[in-house]
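First up is the structure itself, then whatever we jot down about it.
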Amino acid sequence: MKGKVWERLDFVARIMIPILVSLWLVVVSVLPLHMPEVSFVVPVLALMAVYYWGLHRADLLPAPAIFVIGFLQDILSGGPLGIHTLTFLAVYGICVSQRRFFYGKSFFVVWWGFMVVTGGALTLEWALISVFLEQLVSLRSIFFKYLLTIALYPAVAWLFARMQRTLPVVQ
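Read left to right, the sequence shown gives residues 223 to 393 (the working numbering).
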């Protein structure tokens, strides 16, 4: 009987990896860096998780979890509520709808897709923040956030791929 309990706990822990890692990335992305001019240019780590898991294992990172991740990002970042939630859900919807296209493609095609989706997501985020603040926000910080996010994606995707190997098949 003990073996069954531990096997079940191990199974549950493994299927929670994408959600827990995504939540951890939200927390990491809002940690204060205490560096002038750098605090506004941080990569959108949670967006990387939403994109990767949306393409590869959407069953382990469902839309309600994306909502919670986006809402937590909004709360911890101090921005207007709903902006990251909407952005992450839009990215997730795109990923889930385009899974067949990206399935079996090389990493560079998937990375190119990430560049396009991230560009659209950050443009949406910029537009929503500009509407909320009733003034155009500088595109400079968004541009550098975009560059940093797409530059870090290969390393983060490599880590996600290693994690994915340990995940069980859910039926």
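Quick reminder that beta carbons are idealized off the backbone N, C-alpha and C, glycines included.
Cβ-based neighbour list, residue 278, same chain, cut-off 7 Å, excluding 5 preceding and 5 following:
386
Alpha carbon of residue 289 to alpha carbon of residue 272, nearest angstrom:
11 Å
Can you list the alpha helix (DSSP H) stretches of 4 or more residues lying completely in the stretch 313-382, in chain order?
321-324, 329-355
Proximity to residue 363 [Cα-Cα], best of 347, 314, 377:
347
Any idea if residue 316 is buried or exposed, counting beta-carbon neighbours within 10 angstroms, 16 or more meaning buried?
buried
Cα-Cα, which of 390, 351, 344, 333 is closest to residue 377?
333
Cβ-based burial, residue 329 [other Cβ within 10 Å; buried from 16]
exposed
Restricting to Cα atoms, I'd like to know which of 331, 269, 299 is closest to residue 368.
269
Under a three-way DSSP split, which group does residue 276 fall into?
helix
Can you tell me whether residue 254 is helix, strand or coil according to DSSP?
coil
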